[in-house]
Amino acid sequence: MVDVDDHPLSDDRRGPEAGAEQRERAAAVQAAILALPAAGRTTLILREYEGLSYRDIAEALDIPIGTVMSRLNYARRRLRNALAGYMEVAS
Amino acid sequence: MNHMTPRLQAYHDGELDPRMAEAVEAHLAECEACLTEFEALEMLSALLHELPPATQLMPEDRFVAQVALRLPRDETPRLPERTLKWGWRLAPVMLVATWAFVQAAAILTSGIAALVRLGVGSELAGSLIPEQTAASGVGLGLAGSLLDALGGDAAVEILRQLSGVGWIAVVPMLFTGLTALAICSWVAMWWAVERQAPQESGE
Numbered sequence: 099m100v101d102v103d104d105h106p107l108s109d110d111r112r113g114p115e116a117g118a119e120q121r122e123r124a125a126a127v128q129a130a131i132l133a134l135p136a137a138g139r140t141t142l143i144l145r146e147y148e149g150l151s152y153r154d155i156a157e158a159l160d161i162p163i164g165t166v167m168s169r170l171n172y173a174r175r176r177l178r179n180a181l182a183g184y185m186e187v188a189s
Numbered sequence: 371m372n373h374m375t376p377r378l379q380a381y382h383d384g385e386l387d388p389r390m391a392e393a394v395e396a397h398l399a400e401c402e403a404c405l406t407e408f409e410a411l412e413m414l415s416a417l418l419h420e421l422p423p424a425t426q427l428m429p430e431d432r433f434v435a436q437v438a439l440r441l442p443r444d445e446t447p448r449l450p451e452r453t454l455k456w457g458w459r460l461a462p463v464m465l466v467a468t469w470a471f472v473q474a475a476a477i478l479t480s481g482i483a484a485l486v487r488l489g490v491g492s493e494l495a496g497s498l499i500p501e502q503t504a505a506s507g508v509g510l511g512l513a514g515s516l517l518d519a520l521g522g523d524a525a526v527e528i529l530r531q532l533s534g535v536g537w538i539a540v541v542p543m544l545f546t547g548l549t550a551l552a553i554c555s556w557v558a559m560w561w562a563v564e565r566q567a568p569q570e571s572g573e
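Written as structure tokens, this is what we have:
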């Protein structure tokens, strides 16, 4: 069993710098996502934040599953390039 | 060793079937390049999920997608499809029922005709229908209504002509032939559809 109290919800305990850093990172992620082409962005959001399966995304957007995969791949490649500086920090 | 790069994304998203997922897992254990690629995918996901949970990202995108998902996209064609399917299944039953009805009507009319010939119920039909027409049996109901409509000697004359040709007796035979043909076609089509069905449902 994992105690919920062992996992702080925010960075309050880590001091203001850590909080600022996380905010900056979140802003960068948001900017990178917003900079994506609309088609790739929607696909990525449905996959990463809505947790939809490829099939559900294909149905929702009325596109083939192959297109879902290529859009996701493209969006992720662009995000990786845009967020390269933050990738190590996140791991 | 072939790289699994094209499959890594589907593996990361949990979209591979178990056997393929196992293959990718085994490959990741021995291929440094693919492992690095896969870890990059995982890192990106982790980074994306650092955003506040109630992310304000593209609410309209999410809304559009949610609405699209909730639309009865599949339901619309399904109902007529189902109706068609049932209609298709019931087609031979309907054919046989129609055939049986026509045959029963024919038998009934010839029965009535026989009674008329024997003089029973002649008050009912005899006054309007001459014996030779009644003896032709089939189409008496039709003949009756025709007589009602036209009335009198003209109608009787028409019926005489018709029974002279004798085509009325041919109708049930023709109908039986057509019904048999229709049922045979139905069976042939059903067989063809059944043979195709496994390929279609294999999707």
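Same order as they appear, the protein sequences are chains R and X.
Mapped onto the working numbering, the consecutive letters of the first sequence carry residue numbers 99 to 189.
Mapped onto the working numbering, the consecutive letters of the second sequence carry residue numbers 371 to 573.
C-beta: ideal position from N, C-alpha, C; glycine also.
Item                                                                                                                                                                                      : Value
Is Met559 of chain X close to chain R? Criterion is C-beta to C-beta, closer than 7 angstroms.                                                                                            : no
Can you list the residues of chain X that Glu146 of chain R reaches, using a CB-CB cut of under 8 angstroms?                                                                              : Ser415, Leu418 and His419
Taking Glu146 of chain R as the reference, give the member of R:Met167, R:Arg121 and R:Arg123 with the closest Cα.                                                                        : R:Met167
Can you pull out the residues from the segment 146-180 of chain R whose beta carbon lies closer than 8 angstroms to at least one beta carbon of chain X?                                  : Glu146, Tyr147, Glu148, Leu150, Ser151, Tyr152, Asp154, Ile155, Glu157, Ala158, Leu159, Asp160, Met167, Leu170, Asn171, Arg174, Leu177 and Arg178
On the three-pair Cβ rule with 8 angstroms, is the segment 165-181 of chain R touching the segment 373-388 of chain X?                                                                    : yes
Over the uninterrupted alpha helix (DSSP H) stretch that includes Cys404 of chain X, give me the two end residues.                                                                        : Glu402 to Leu418
Does chain A have any CB closer than 7 angstroms to the CB of Glu407 of chain X?                                                                                                          : The structure shown has no chain A; the protein chains it does contain are R and X.
Give the secondary structure of Ser555 of chain X by DSSP, where H, G and I count as helix, E and B as strand, and everything else as coil.                                               : helix
Assuming Glu385 of chain X and Tyr184 of chain R are in contact, meaning their beta carbons sit under 8 angstroms apart, how far apart are those beta carbons, in whole angstroms?        : The pair is not a contact, with the Cβ atoms about 26 angstroms apart (cut-off 8 angstroms).
Can you give me the start and stop residues for the alpha helix (DSSP H) that Ile155 of chain R sits inside?                                                                              : Tyr152 to Leu159
Would Ala124 of chain R pass as a contact of Leu421 of chain X if the rule is Cβ separation under 7 angstroms?                                                                            : yes
For Thr549 of chain X versus Trp456 of chain X, is the C-beta spacing smaller than 7 angstroms?                                                                                           : no
Relative to the alpha-carbon of Arg176 of chain R, which residue among R:Leu159, R:Arg121, R:Ala129 and R:Pro162 has its alpha-carbon at the smallest distance?                           : R:Ala129
Does Glu392 of chain X have its Cβ less than 7 angstroms from a Cβ in chain R?                                                                                                            : no
Throw me the rounded Cβ distance for the Leu465 of chain X and Ala552 of chain X pair, which I believe falls under 8 angstroms.                                                           : 5 angstroms
Determine which residues of the segment 111-137 of chain R have a Cβ less than 8 angstroms from any Cβ of chain X, and write them out in chain order.                                     : Gln120, Arg123, Ala124, Val127, Gln128, Ile131, Leu132 and Ala136
Specify, as a first and last residue, the run of the alpha helix (DSSP H) that Asn171 of chain R falls within.                                                                            : Ile163 to Ala180
Just to confirm my understanding: we take Ile131 of chain R, look at its own chain, exclude 5 residues before and 5 after, and list those with CB closer than 8 angstroms. What are they? : Arg139, Leu142, Ile143 and Leu177
Do Phe545 of chain X and Val472 of chain X have their C-beta atoms closer together than 7 angstroms?                                                                                      : yes
Do Glu407 of chain X and Thr375 of chain X have their C-beta atoms within less than 7 angstroms of each other?                                                                            : yes
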